[in-house]
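Contents: one structure, followed by commentary.
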Amino acid sequence: REVEILMFLSAIVMMKNRRSSECGRGGAGAAVCAGARASRPLPAAAVTVEQHVGNIFMFSKVANVILFFRLDVRMGLLYLTLCIVFLMTCKPPLYMGPEYIKYFSDKTIDEELERDKRVTWIVEFFANWSSECQSFAPIFADLSLKYNCSGLHFGKVDVGRYTDVSTRYKVSTSPLTKQLPTLILFQGGAEVMRRPQIDKKGRAVSWTFSEENVIREFNLNELYQKAKKQAKPRGDDLPEEAPEPGAAAETKKDK
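Residue 1 is where the sequence shown starts when you use full-length UniProt numbering, and the numbers rise one by one after that.
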């Protein structure tokens, strides 16, 4: 019986990873994941090693809970309690590396987006308790260092802290949500596109937050070339080009 449980959970892990791969690329897989929504063909986006390992550990814990409960209810309760305590106390480490990102609050995000409509913003809506957001943090920071310029800026807002922002921009902060993180492209102060997309039933379409996917989906190379030609925004407290990585890390540390 125990072997059957382990084999069943192994099959679930394989199906989950396969589904993530299909949803990360175009063609029939993307059409199914998006509710048959038409989309342009995209290259395949492989599931990362970290995602594979994360899925294996998550379903291994589920298997252990089931096996302990089958052996002894008290041992099952003890193991389940230890897992809950571990999840609540051992948070993923926060990214503290170099970045060129402006952090918004509930009072500054609208003002900053409307300040100069010539500026294009890519804003990440995140929550510190989300493991997906923690995994994406170094990727988004690296993108900000590569693509920031006078007409293209990167920002972040903690919707776990500012719940009214999540309501205004329709980003769910439920513990079971698939909308964290959410990337939104703003041009002229208005939303142009977001990832992950929301289907007709109001559910988030599975999307892999890799550097390649963000560059491709948001056309960062094209946006960067266009944005460099624009004049420096008035009253902007950000320099025209991204600073050196060491300077960016010092700025974040001071903040």
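Glycine included, C-beta positions come from ideal geometry on N, C-alpha and C.
Simplified DSSP assignment, three categories, for residue i
i: Gly-97; result: coil
i: Phe-125; result: strand
i: Arg-195; result: strand
i: Leu-183; result: strand
i: Phe-57; result: helix
i: Lys-102; result: strand
Residues near residue i in its chain [Cβ-Cβ closer than 8 Å; skip 5 each side]
i: Val-65; result: Gly-76, Tyr-79, Leu-80, Cys-83
i: Pro-93; result: Gln-134
i: Lys-229; result: Gly-151
i: Val-112; result: The sequence as given places Glu at residue 112; Val does not occur at that position. Only Lys-102, Phe-104, Trp-121, Gly-155 meet the Cβ criterion.
Spatial neighbours of residue i in its chain, beta-carbon cut-off 6 Å, leaving aside the 5 residues before and after
i: Ile-139; result: Glu-211
i: Leu-185; result: Ile-122, Val-192, Met-193, Phe-218
Proximity to residue i [Cα-Cα], best of the options
i: Ala-190; options: Asn-219, Lys-228, Ile-122, Ala-141; result: Ile-122
i: Ser-105; options: Gln-230, Gly-155, Gln-225; result: Gly-155
i: Ser-144; options: Pro-98, Glu-112, Leu-87; result: Pro-98
i: Cys-149; options: Lys-201, Phe-59, Ala-227; result: Ala-227
i: Cys-90; options: Glu-114, Met-96, Ser-131; result: Ser-131
i: Met-96; options: Ala-137, Thr-208, Phe-69, Ser-60; result: Ala-137
i: His-153; options: Leu-183, Leu-176, Thr-163, Pro-175; result: Leu-183
i: Met-180; options: Ser-60, Gln-187, Phe-125; result: The displayed chain sequence assigns Leu, not Met, to residue 180. That would be Phe-125, whose Cα lies nearest to the Cα of Leu-180.
i: Tyr-162; options: Thr-208, Phe-86, Lys-107; result: Lys-107
i: Phe-59; options: Lys-201, Met-7, Gly-188; result: Met-7
i: Glu-114; options: Gly-188, Arg-216, Leu-71; result: Gly-188
Contacts around residue i, its chain only, beta-carbon distance under 7 Å, and the 5 residues preceding and following it disregarded
i: Tyr-147; result: Leu-220, Tyr-224
i: Gly-160; result: Ala-127, Asn-128, Trp-129, Thr-173
i: Ile-109; result: Val-157, Val-165
Would the stretch 161-169 count as touching the stretch 207-219 if we require 3 or more Cβ pairs under 8 Å?
The count of Cβ pairs closer than 8 Å, one atom from the stretch 161-169 and one from the stretch 207-219, stays below three, leaving the stretches out of contact.
My parser needs the alpha helix (DSSP H) runs of 4 or more residues fully inside the stretch 111-169; what are they?
Listed in chain order, the alpha helix (DSSP H) elements of length 4 or more contained wholly in the stretch 111-169 are 131-147, 163-168.
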